[in-house]
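Peer 1: Here's a structure for you.
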Amino acid sequence: MSGYALPEDITGDDSDTLPSPLSHKPGGENSSNTSRAGIKRPRGCKSPSKKPKKAKSRFSQTTEQLNSTLLSLQKFLNAPAPQVLQPSNPHASLWERLEAMTITTDDKITVGQYLAHNERKGMRDFLSSASDTTLQTWVYKFLTGENY
(Lines of atoms letter the chains of each structure in order from A and count residues from 1; the text may use other names and numbers.)
(Lines give C-alpha, C1' and ligand atoms only; values in the text may rest on other atoms or scores of the structure.)
Protein backbone atom coordinates (compact mmCIF):
# COMPACT_ATOMS: atom_id res chain seq x y z
CA MET A 1 0.00 0.00 0.00
CA SER A 2 2.98 2.28 0.18
CA GLY A 3 2.64 3.11 -3.52
CA TYR A 4 -0.76 4.62 -3.03
CA ALA A 5 -1.48 8.10 -1.79
CA LEU A 6 -3.48 8.64 1.26
CA PRO A 7 -7.13 8.87 0.38
CA GLU A 8 -8.50 12.31 0.13
CA ASP A 9 -11.85 12.87 1.66
CA ILE A 10 -13.87 14.09 -1.28
CA THR A 11 -17.53 14.45 -0.75
CA GLY A 12 -19.57 12.07 -2.81
CA ASP A 13 -16.83 9.41 -3.13
CA ASP A 14 -17.50 5.91 -2.02
CA SER A 15 -15.19 4.66 0.70
CA ASP A 16 -14.98 1.18 -0.86
CA THR A 17 -12.95 2.39 -3.84
CA LEU A 18 -9.17 2.37 -3.86
CA PRO A 19 -7.43 5.68 -3.93
CA SER A 20 -5.65 6.71 -7.15
CA PRO A 21 -1.92 5.88 -7.44
CA LEU A 22 0.70 8.53 -6.81
CA SER A 23 1.36 10.81 -9.74
CA HIS A 24 4.79 10.36 -11.33
CA LYS A 25 6.97 13.39 -10.96
CA PRO A 26 9.86 13.96 -13.40
CA GLY A 27 13.10 12.81 -11.87
CA GLY A 28 11.31 10.71 -9.29
CA GLU A 29 12.10 7.12 -8.55
CA ASN A 30 9.37 5.84 -10.89
CA SER A 31 10.18 8.18 -13.83
CA SER A 32 11.91 5.43 -15.86
CA ASN A 33 8.87 3.19 -15.65
CA THR A 34 6.46 5.69 -17.17
CA SER A 35 4.35 4.56 -20.05
CA ARG A 36 4.75 6.46 -23.30
CA ALA A 37 1.34 5.53 -24.64
CA GLY A 38 0.00 8.23 -26.90
CA ILE A 39 3.31 10.11 -27.10
CA LYS A 40 5.12 10.23 -30.45
CA ARG A 41 8.76 9.22 -30.62
CA PRO A 42 11.14 11.98 -31.60
CA ARG A 43 12.63 11.73 -35.08
CA GLY A 44 15.75 9.67 -35.28
CA CYS A 45 14.62 7.18 -32.67
CA LYS A 46 14.09 3.76 -34.12
CA SER A 47 11.11 1.68 -33.30
CA PRO A 48 11.98 -1.11 -30.89
CA SER A 49 9.76 -3.47 -32.82
CA LYS A 50 11.66 -3.16 -36.13
CA LYS A 51 13.55 -6.19 -37.33
CA PRO A 52 17.32 -6.00 -37.77
CA LYS A 53 18.62 -5.23 -41.25
CA LYS A 54 19.21 -8.11 -43.59
CA ALA A 55 22.68 -9.04 -44.73
CA LYS A 56 23.82 -7.40 -47.95
CA SER A 57 22.72 -9.06 -51.15
CA ARG A 58 25.18 -10.84 -53.41
CA PHE A 59 24.71 -8.11 -55.99
CA SER A 60 25.80 -5.37 -53.58
CA GLN A 61 28.75 -7.48 -52.38
CA THR A 62 29.84 -8.02 -55.97
CA THR A 63 29.46 -4.31 -56.69
CA GLU A 64 31.65 -3.43 -53.70
CA GLN A 65 34.30 -5.93 -54.78
CA LEU A 66 34.26 -4.51 -58.29
CA ASN A 67 34.59 -0.96 -56.97
CA SER A 68 37.51 -1.89 -54.73
CA THR A 69 39.21 -3.67 -57.63
CA LEU A 70 38.76 -0.64 -59.86
CA LEU A 71 40.16 1.65 -57.16
CA SER A 72 43.25 -0.51 -56.69
CA LEU A 73 43.73 -0.68 -60.47
CA GLN A 74 43.44 3.10 -60.68
CA LYS A 75 46.08 3.52 -57.96
CA PHE A 76 48.37 1.10 -59.78
CA LEU A 77 47.98 2.94 -63.09
CA ASN A 78 48.54 6.34 -61.48
CA ALA A 79 51.81 5.17 -59.94
CA PRO A 80 54.93 6.29 -61.84
CA ALA A 81 56.38 3.75 -64.22
CA PRO A 82 59.56 2.03 -63.07
CA GLN A 83 62.76 3.29 -64.63
CA VAL A 84 63.84 1.23 -67.60
CA LEU A 85 67.48 0.30 -67.37
CA GLN A 86 69.43 1.21 -70.44
CA PRO A 87 71.34 -1.77 -71.76
CA SER A 88 74.97 -1.04 -71.07
CA ASN A 89 77.33 -1.03 -73.98
CA PRO A 90 80.18 -3.38 -73.11
CA HIS A 91 82.49 -1.25 -75.26
CA ALA A 92 81.41 2.14 -73.90
CA SER A 93 84.84 2.68 -72.34
CA LEU A 94 86.48 2.02 -75.73
CA TRP A 95 84.33 4.66 -77.44
CA GLU A 96 85.00 7.17 -74.63
CA ARG A 97 88.75 6.58 -74.82
CA LEU A 98 88.64 6.91 -78.61
CA GLU A 99 86.72 10.19 -78.27
CA ALA A 100 89.32 11.51 -75.80
CA MET A 101 92.21 10.92 -78.22
CA THR A 102 93.86 13.92 -79.88
CA ILE A 103 93.07 12.97 -83.47
CA THR A 104 90.75 14.68 -85.93
CA THR A 105 87.03 14.04 -85.90
CA ASP A 106 87.24 12.40 -89.33
CA ASP A 107 89.88 9.96 -88.05
CA LYS A 108 87.71 9.14 -85.00
CA ILE A 109 84.78 8.38 -87.31
CA THR A 110 86.95 6.19 -89.57
CA VAL A 111 88.25 4.15 -86.60
CA GLY A 112 84.74 3.90 -85.14
CA GLN A 113 83.25 2.66 -88.41
CA TYR A 114 85.97 0.05 -88.75
CA LEU A 115 85.52 -1.26 -85.20
CA ALA A 116 81.69 -1.17 -85.35
CA HIS A 117 81.39 -4.02 -87.89
CA ASN A 118 80.04 -7.30 -86.49
CA GLU A 119 83.04 -9.34 -87.66
CA ARG A 120 85.41 -7.13 -85.60
CA LYS A 121 83.87 -7.97 -82.20
CA GLY A 122 87.09 -9.70 -81.11
CA MET A 123 89.14 -6.59 -81.87
CA ARG A 124 86.64 -4.40 -79.93
CA ASP A 125 86.83 -6.76 -76.95
CA PHE A 126 90.63 -6.70 -77.03
CA LEU A 127 90.90 -2.91 -77.34
CA SER A 128 88.28 -2.36 -74.61
CA SER A 129 90.44 -4.20 -72.10
CA ALA A 130 93.80 -2.97 -73.46
CA SER A 131 95.79 -0.11 -71.95
CA ASP A 132 95.65 3.42 -73.33
CA THR A 133 99.12 3.01 -74.86
CA THR A 134 98.06 -0.13 -76.73
CA LEU A 135 94.90 1.59 -78.02
CA GLN A 136 96.84 4.65 -79.20
CA THR A 137 99.44 2.47 -80.94
CA TRP A 138 96.73 0.45 -82.72
CA VAL A 139 94.88 3.62 -83.83
CA TYR A 140 98.14 5.15 -85.15
CA LYS A 141 98.98 1.99 -87.11
CA PHE A 142 95.40 1.74 -88.43
CA LEU A 143 95.38 5.36 -89.64
CA THR A 144 98.83 5.10 -91.27
CA GLY A 145 97.88 1.86 -92.98
CA GLU A 146 100.54 -0.33 -91.40
CA ASN A 147 99.63 -4.04 -91.40
CA TYR A 148 96.09 -3.42 -92.79
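For the sequence shown, the UniProt record's numbering assigns the number 1 to the initial residue and increments by one for each residue that follows.
Glycine residues also receive a C-beta, built at the ideal position from the N, C-alpha and C atoms.
1. Whole alpha helix (DSSP H) runs in the segment 57 to 84 with 4 or more residues, listed along the chain?
2. Is there contact here, the segment 127 to 147 with the segment 85 to 94, by at least three beta-carbon pairs under 8 Å?
3. Pick helix, strand or coil for residue 136, following the three-state DSSP scheme.
4. Determine contact between the segment 100 to 118 and the segment 134 to 144, defined as no fewer than three beta-carbon pairs at a distance below 8 Å.
5. So what does DSSP say about residue 89, is it helix, strand or coil?
6. Need the endpoints of the alpha helix (DSSP H) that residue 121 sits in, please.
7. Would you tell me roughly how many angstroms separate the C-alpha atoms of residue 113 and residue 74, rounded to the nearest one?
8. Can you tell me the Cα-Cα spacing of residue 49 and residue 66, whole angstroms?
9. My output table needs one value for residue 99: the three-state DSSP class, helix, strand or coil.
Peer 2: Let me lay it out:
1. 58 to 78
2. yes
3. Counting from 1 along the sequence shown, the entry for residue 136 is found at position 136. Here residue 136 sits in helix by DSSP.
4. yes
5. For the purposes of this step, residue 89 is taken as residue 89 along the sequence shown, with counting starting at 1. If DSSP states are grouped into helix, strand and coil, residue 89 belongs with coil.
6. Residue mapping note: residue 121 aligns to position 121 of the sequence shown, counting from 1. 121 to 129 is the span of the alpha helix (DSSP H), which, as asked, contains residue 121.
7. Along the sequence shown, read from residue 1 onward, the residue named residue 113 stands at position 113. Along the sequence shown, read from residue 1 onward, the residue named residue 74 stands at position 74. Their backbone Cα atoms lie some 49 Å apart in a straight line.
8. Counted from its first residue, the sequence shown places residue 49 at position 49. Counted from its first residue, the sequence shown places residue 66 at position 66. So the two alpha carbons sit approximately 35 Å from each other.
9. Translated into the one-based positions of the sequence shown, residue 99 becomes position 99. Of the three classes helix, strand and coil, the one that applies to residue 99 here is helix, per DSSP.
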